[in-house]
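K.L.:
First residue of the sequence shown? That's 173 in the numbering used here, and the numbers climb one at a time after it.
Ideal placement from N, C-alpha and C gives every residue a C-beta, glycine not left out.
These numbers were taken from a predicted model, which means no experiment stands behind them.
Mind looking over this structure? Questions follow.
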Amino acid sequence: MRDLKDYSGPFIPDLKRSDFSKEALVRAWEATSRCFVMIDGLWYTLIKEKYDEATAGKLDPRDLGEDDLERDSGDPGGAEYPRE
173 MRDLKDYSGP FIPDLKRSDF SKEALVRAWE ATSRCFVMID GLWYTLIKEK YDEATAGKLD
233 PRDLGEDDLE RDSGDPGGAE YPRE
């Protein structure tokens with residue numbers, strides 16, 4: 173375990189997540205979380221603009237239960253999008 177604060181410096185070919193300090197991992201987690209929030213907001217906005225707010229709300233994965241996903245698409249992996 174190297175306890176790295178960040179990944180500045182020379183290339184480390186055998187780098188593992190466990191080589192980073194807890195603080196560095198928390199910073200990476202927080203940055204990733206912010207990206208997911210932004211991507212989710214963008215996705216919702218694009219669906220709302222292309223279709224309407226009701227459709228965007230219906231397709232919002234945070235509001236869909238497992239039963240909704242299976243009923244809408246026949247696939248528990250995702251809801252079916254409206255056809256144009």
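Mind checking residue 219: buried by the 16 CB within 10 Å criterion, or exposed?
P.N.:
buried
K.L.:
Using a threshold of 8 Å, state whether the C-beta atoms of residue 177 and residue 195 are closer than that.
P.N.:
yes
K.L.:
With residue 208 as the anchor, note down where its alpha helix (DSSP H) starts and where it stops.
P.N.:
194 to 222
K.L.:
Residue 187 by DSSP, collapsed to three states: which one?
P.N.:
Here residue 187 sits in coil by DSSP.
K.L.:
Return yes when the Cβ of residue 174 is within less than 8 Å of the Cβ of residue 191, no when it is not.
P.N.:
yes
K.L.:
Out of curiosity, what's the CA-to-CA distance linking residue 215 and residue 183?
P.N.:
35 Å
K.L.:
Excluding the five sequence neighbours on either side, which residues of its own chain have a C-beta within less than 8 Å of the C-beta of residue 197, listed in chain order?
P.N.:
189
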